[in-house]
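Following: one structure in structure tokens, then a few remarks.
Number of protein chains: 2
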Amino acid sequence: MSLVVVGSVAYDAIETPHGKRDRLLGGACTYIALSASFFTQVAIVAVVGSDFRPEDRALLSSRGIDLNGLEQVEGKTFFWSGVYSHDMNDRTTLQTDLNVFADFSPKLPACYTSQPYLFVGNIQPSLQRQVQVQMKNLRLVGGDTMNYWIRDYREELLATIRHWDFLLINDGEARMLSGEHNLRKAAQKILDMGPHTLIIKRGEYGAMLFRRDTLFIVPGYLLEDVYDPTGAGDSFAGGFMGYLAACGLDLQDGHFDLRELHRAVIYGSVMGSFCCEQFGVERLCTLTRKDIDRRFEEFRRFTAF
Amino acid sequence: MSLVVVGSVAYDAIETPHGKRDRLLGGACTYIALSASFFTQVAIVAVVGSDFRPEDRALLSSRGIDLNGLEQVEGKTFFWSGVYSHDMNDRTTLQTDLNVFADFSPKLPACYTSQPYLFVGNIQPSLQRQVQVQMKNLRLVGGDTMNYWIRDYREELLATIRHWDFLLINDGEARMLSGEHNLRKAAQKILDMGPHTLIIKRGEYGAMLFRRDTLFIVPGYLLEDVYDPTGAGDSFAGGFMGYLAACGLDLQDGHFDLRELHRAVIYGSVMGSFCCEQFGVERLCTLTRKDIDRRFEEFRRFTAF
Numbered sequence: 204m205s206l207v208v209v210g211s212v213a214y215d216a217i218e219t220p221h222g223k224r225d226r227l228l229g230g231a232c233t234y235i236a237l238s239a240s241f242f243t244q245v246a247i248v249a250v251v252g253s254d255f256r257p258e259d260r261a262l263l264s265s266r267g268i269d270l271n272g273l274e275q276v277e278g279k280t281f282f283w284s285g286v287y288s289h290d291m292n293d294r295t296t297l298q299t300d301l302n303v304f305a306d307f308s309p310k311l312p313a314c315y316t317s318q319p320y321l322f323v324g325n326i327q328p329s330l331q332r333q334v335q336v337q338m339k340n341l342r343l344v345g346g347d348t349m350n351y352w353i354r355d356y357r358e359e360l361l362a363t364i365r366h367w368d369f370l371l372i373n374d375g376e377a378r379m380l381s382g383e384h385n386l387r388k389a390a391q392k393i394l395d396m397g398p399h400t401l402i403i404k405r406g407e408y409g410a411m412l413f414r415r416d417t418l419f420i421v422p423g424y425l426l427e428d429v430y431d432p433t434g435a436g437d438s439f440a441g442g443f444m445g446y447l448a449a450c451g452l453d454l455q456d457g458h459f460d461l462r463e464l465h466r467a468v469i470y471g472s473v474m475g476s477f478c479c480e481q482f483g484v485e486r487l488c489t490l491t492r493k494d495i496d497r498r499f500e501e502f503r504r505f506t507a508f
Numbered sequence: 204m205s206l207v208v209v210g211s212v213a214y215d216a217i218e219t220p221h222g223k224r225d226r227l228l229g230g231a232c233t234y235i236a237l238s239a240s241f242f243t244q245v246a247i248v249a250v251v252g253s254d255f256r257p258e259d260r261a262l263l264s265s266r267g268i269d270l271n272g273l274e275q276v277e278g279k280t281f282f283w284s285g286v287y288s289h290d291m292n293d294r295t296t297l298q299t300d301l302n303v304f305a306d307f308s309p310k311l312p313a314c315y316t317s318q319p320y321l322f323v324g325n326i327q328p329s330l331q332r333q334v335q336v337q338m339k340n341l342r343l344v345g346g347d348t349m350n351y352w353i354r355d356y357r358e359e360l361l362a363t364i365r366h367w368d369f370l371l372i373n374d375g376e377a378r379m380l381s382g383e384h385n386l387r388k389a390a391q392k393i394l395d396m397g398p399h400t401l402i403i404k405r406g407e408y409g410a411m412l413f414r415r416d417t418l419f420i421v422p423g424y425l426l427e428d429v430y431d432p433t434g435a436g437d438s439f440a441g442g443f444m445g446y447l448a449a450c451g452l453d454l455q456d457g458h459f460d461l462r463e464l465h466r467a468v469i470y471g472s473v474m475g476s477f478c479c480e481q482f483g484v485e486r487l488c489t490l491t492r493k494d495i496d497r498r499f500e501e502f503r504r505f506t507a508f
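Each protein sequence line maps, in turn, to chains S and C.
So the number in my numbering is just where the residue sits in the first sequence, counting from 1, plus 203.
So the number in my numbering is just where the residue sits in the second sequence, counting from 1, plus 203.
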């Protein structure tokens, strides 16, 4: 059973205190798919331009990712460039060229529409909804969003997430969406919007999972060096959703082991932490399942009491 | 067996988004002692002025705290006032009047000097050292410090902590003391300074414990309302040290259950979280051991996977 991932595939130019790269394979869909591919079969829906490099296509294929939904059109691939502050806590966007992504209208290959798992990356909320209605057999659907959609497309966003099982956003987005600074209060308001599960990412401070009756919190993994945090949140999403798909979890029927949901948050944290160890997707390309499980056990050790 | 606590007893004027108080019993020693008193016998060493209220003395006594080392002299008690930002992440000091605390020279009653546990609150490093050398029978000693001593009294501070089992500071102080932004690297440098155990408090984000060979991380407790964070770090210290003293733990012999040390960090976190629920020491005064153990179990629940 496959996980369908929708979102951006991009080229990034990134500068961190550890160095500079001009044209890295990036985009939310890329990170989510690569990360999830360590757990389950992944199929992507995205658009790239005529400048998309064959080696990048090969890289995605090498992880067994189904590229039938990767549309290639005339023009340039989405390009983003940014620079991180010395302590990595801030980043400044230098340039965002949507290019072919500006007209992205997700088309699902017929073989995708019967898949049970869907993760919708951060794109225009009505497009997110449009993808979901094409899926005939969903067991679990969730996604991400960002400040721009929360502020300027609120109604569309609310109409979209109402039909999601889970929403996976960061703390700033949760505060903005709910209008509450306190995250416990923010979570209650967001759960009232539809999703029965909310995951809030807090960067280096870890992540939290909220449901009506339960709360799970995990601290961040303490890296000795953060090379490049780009894509860490999306790698988290890939680990989280990939693990749930691998378990065959169906959150809707209510009969599941809550611990599996907690473990999915841990696998998300594991994948987010690996992502930061090198530039772009580099670390995700050298990673093994053994590395992942070793770090999962490390999480167990350093949180046990 | 008693825990001796040395530090400031003060009056605080505090303003938070939840209200304002003019003259609250405060000071590091007060919070540490009250918090630790839920776990073990506590004896304090501090100085107050002639304005110290009998009801505040009575409050400390009511928790069974030994006040033989609480010196009362002519003059005014240490006074601090501060105001918190809307999100509670920043506070501005409006006034600091050291008053009688300016000439504080800790004198240990004879009955204190044979006690096995010592926690030295944030005072001048040579005074901290002076207290420690008066103790004849120490099994475990640790303490706190602050930016001022780290910057302007570095040599004295290094000479003092060299003889400590543990140092308990916040993340900003750890970075300042080590000159390293990354906390894993910072911790290694600090462990080279003498203490075999380092606890780094991260406010709402929880706490971490480092030893040469182990790491323990706990996320912060997610409060629905933070009334007043004043004293939360000192309440953490009291819970941490109080629990270790109650266990009769001797970190020096190396034969102890590491889990006890982890649990001490959890009890510290529990006490810090309660402290924020009301103004000043108010919550510590209504708390029961049952409340504490219930929240300890909550920590277990929301971190288990």
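Each residue gets a CB set at the ideal place from its N, CA and C atoms; glycine is no exception.
Its Cα nearest to that of residue 285 of chain S, the residue S/217 stands out among S/406, S/217, S/410, S/318.
For a Cβ distance threshold of 7 Å, residue set 418, 419, 420 of chain C lies close to residue 505 of chain S, ordered along the chain. For the region 465-482 of chain C, the residues whose beta carbon sits under 7 Å from a beta carbon of chain S are, in order, 465, 466, 469. In summary, residue 296 of chain S is exposed, with fewer than 16 beta-carbon neighbours lying within 10 Å of its beta-carbon over all protein chains present. The count of Cβ pairs closer than 8 Å, one atom from the region 246-257 of chain C and one from the region 267-278 of chain C, reaches three, so the stretches are in contact. Per DSSP, residue 320 of chain C lies in no alpha helix (DSSP H) segment; the continuous beta strand (DSSP E) that holds it begins and ends at 320-323. The beta carbon of residue 394 of chain S sits no closer than 8 Å to any beta carbon of chain C. Of all alpha-carbon atoms in S/485, S/228, S/282, S/437, the one lying nearest the alpha-carbon of residue 259 of chain S is that of S/228.
The alpha-carbon of residue 445 of chain S is positioned some 15 Å away from that of residue 347 of chain S.
Counting every other CB atom within 10 Å of its CB across the protein chains shown gives residue 314 of chain C a total below 16, marking it as exposed. Residues of the region 213-238 of chain C that bring their beta carbon within less than 7 Å of a beta carbon in chain S are absent altogether.
DSSP places residue 489 of chain C within a helical segment (H, G or I) once states are collapsed to three. Residue 480 of chain S and residue 329 of chain S have their C-alpha atoms roughly 35 Å apart.
Taking C-beta atoms under 8 Å as the contact rule, residue 461 of chain C and residue 417 of chain C qualify, at a distance of about 6 Å.
Annotation: the region 214-247 of chain C contains the following complete segments of the alpha helix (DSSP H) (minimum length 4 residues), in chain order: 231-239. Around the beta carbon of residue 233 of chain S, 16 or more other beta carbons lie within 10 angstroms, which makes this residue buried. Per DSSP, residue 446 of chain S is one residue of the alpha helix (DSSP H) stretching across 435-450. Taking CB atoms only, residue 342 of chain C has no neighbour in chain S less than 8 Å away.
In chain order, 287, 431 place their CB closer than 6 Å to the CB of residue 219 of chain S, counting only its own chain and leaving out the 5 sequence neighbours on each side.
Considering only beta carbons, the part of the region 280-308 of chain C lying closer than 7 Å to chain S consists of 290, in chain order. Taking one beta carbon from each stretch, the region 471-479 of chain S and the region 435-445 of chain S have 3 or more pairs nearer than 8 Å; the two touch.
The C-beta distance from residue 414 of chain S to residue 399 of chain S rounds to 6 Å, short enough to meet the 8 Å contact threshold. By the CB criterion at 8 Å, residue 301 of chain C and residue 319 of chain C fall outside the cutoff.
Residues of chain S with a Cβ closer than 7 Å to the Cβ of residue 404 of chain C do not exist, since the nearest Cβ in that chain sits about 13 Å away. Bridge pairing for residue 249 of chain S: S/273 [DSSP]. At a cut-off of 8 Å between beta carbons, residue 462 of chain S contacts chain C. Taking 8 Å as the cut-off between beta carbons, none of the residues of the region 259-280 of chain S comes near chain C.
Its Cα nearest to that of residue 427 of chain S, the residue S/407 stands out among S/421, S/407, S/412, S/411. Close partners of residue 427 of chain C in chain S (Cβ separation under 8 Å): 385, 387, 388. Positions of the alpha helix (DSSP H) runs, each at least 4 residues long and wholly inside the region 286-360 of chain C, are given as 328-337, 350-355 in order along the chain. Counting only the Cα atoms, residue 264 of chain C lies some 21 Å from residue 279 of chain C. Proximity of residue 436 of chain C to chain S, defined by a Cβ-Cβ separation below 8 Å, is not satisfied.
The residues 397, in chain order, have a CB closer than 6 Å to that of residue 365 of chain S in the same chain once the five nearest residues on each side in sequence are set aside. Nearest to residue 405 of chain S by C-alpha distance, out of S/360, S/378, S/212, is S/378. Among the residues facing chain S, residue 508 of chain C is included, as its CB has a counterpart in that chain under 8 Å away.
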